[in-house]
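Notes to accompany the following structure.
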Amino acid sequence: GEDVEQSLFLSVREGDSSVINCTYTDSSSTYLYWYKQEPGAGLQLLTYIFSNMDMKQDQRLTVLLNKKDKHLSLRIADTQTGDSAIYFCAANTQGTYKYIFGTGTRLKVLA
Amino acid sequence: DVKVTQSSRYLVKRTGEKVFLECVQDMDHENMFWYRQDPGLGLRLIYFSYDVKMKEKGDIPEGYSVSREKKERFSLILESASTNQTSMYLCASSFRGSPLHFGNGTRLTVT
């Protein structure tokens, strides 16, 4: 069945860039999302990309999509301690109600 | 901004109790969802609704039911709470094909 995979942990130093990677299996995925979850809270939508795009930039966030390899990445520039959280990648196919989530990458930012 | 409000952040209930988790959204979204989130298992879909009084089972509906009498409100019901239903419950809403917008979650403990 459809699957979305992410690495479990990432540790970076404050001020460095963070790159969180995600792979998905469903080639019909139309939308790919990045969510952030802080401790004890729900998921906050950070950004998303449509499958006919290669890149999307939004302030410190850059999303890259390699549709051929079914690989998505989220780059956070100038990472801050407030960026410490769990980041989820998710995929959805247009016209369906099914959103497939990865298990999340826990980002730790060291001061 | 979309606001999805879950009525309780924390709930403690006893085994066998009937439990209601309430969720309200203010953006006139057609679709509403209930997920549970458990460590190592990610987000799993319990039920979703695409219109008033309409509902569909997700991946793990057993032991749960839902109610959607008004467009803005989606309730999750645990008919007879059990300890294996201790979890974080997340409500979300969306227009069709748009990103999910999540509430802050309800952490339910069943003792």
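Residue numbers (my numbering), protein chains in the order written: chain A, 57 to 167; chain B, 545 to 655. For each residue, glycine too, the CB sits at the ideal point set by N, CA and C. A quick note: this is a predicted structure, and the numbers were derived from the prediction, not measured.
DSSP three-state assignment for residue i, whether helix, strand or coil
i: A/Asn-108; result: coil
i: A/Thr-86; result: coil
i: B/Gly-487; result: Past the boundaries of the shown model lies residue 487 of chain B; chain B is included only from 545 to 655, so the question cannot be answered.
i: B/Asp-570; result: coil
i: B/Asn-628; result: helix
i: A/Asp-139; result: helix
i: A/Lys-164; result: strand
i: B/Asp-545; result: coil
i: B/Tyr-650; result: Residue identity differs from the one stated: residue 650 of chain B is Thr in this sequence, not Tyr. The answer is strand: DSSP assigns B/Thr-650 an E or B state.
i: A/Asp-114; result: strand
i: A/Ala-133; result: coil
i: A/Thr-149; result: coil
Inter-residue Cα distance where the pair is residue i and residue j
i: B/Thr-630; j: B/Gly-584; result: 15 Å
i: B/Gln-581; j: A/Lys-124; result: 31 Å
i: B/Met-632; j: B/Ser-638; result: 20 Å
i: A/Tyr-80; j: B/Ser-551; result: 34 Å
i: B/Arg-651; j: B/Cys-635; result: 12 Å
Integer-rounded CB distance, given that residue j should sit under 8 Å from residue i
i: B/Ser-624; j: B/Lys-562; result: 7 Å
i: B/Arg-558; j: B/Asn-648; result: At roughly 24 Å, the Cβ-Cβ gap does not stay under 8 Å, so B/Arg-558 and B/Asn-648 are not in contact.
Taking a cut of 7 Å between CB atoms, which residues from the stretch 619-653 of chain B lie near chain A? Leu-634, Gly-641, Pro-643, Leu-644, His-645, Phe-646, Gly-647, Asn-648, Gly-649
Practice item. Assess, as a yes-or-no matter, whether the stretch 130-145 of chain A is touched by the stretch 561-570 of chain B under the definition of 3 or more beta carbon pairs within less than 8 Å. Key: no
*Looking at chain E, which residues of the stretch 75-108 of chain A have a Cβ within less than 8 Å of any of its Cβ atoms?*
In the structure shown, chain E does not exist; the protein chains are A and B.
>> Quick test of the definition: if touching needs 3 or more C-beta pairs under 8 Å, does the stretch 135-151 of chain A touch the stretch 159-166 of chain A?
In response: yes
- [ ] Mind the definition here: the stretch 75-90 of chain A touches the stretch 103-119 of chain A only if three or more C-beta pairs lie below 8 Å; say whether that holds.
- [x] Contact holds: three or more Cβ-Cβ distances are below 8 Å.
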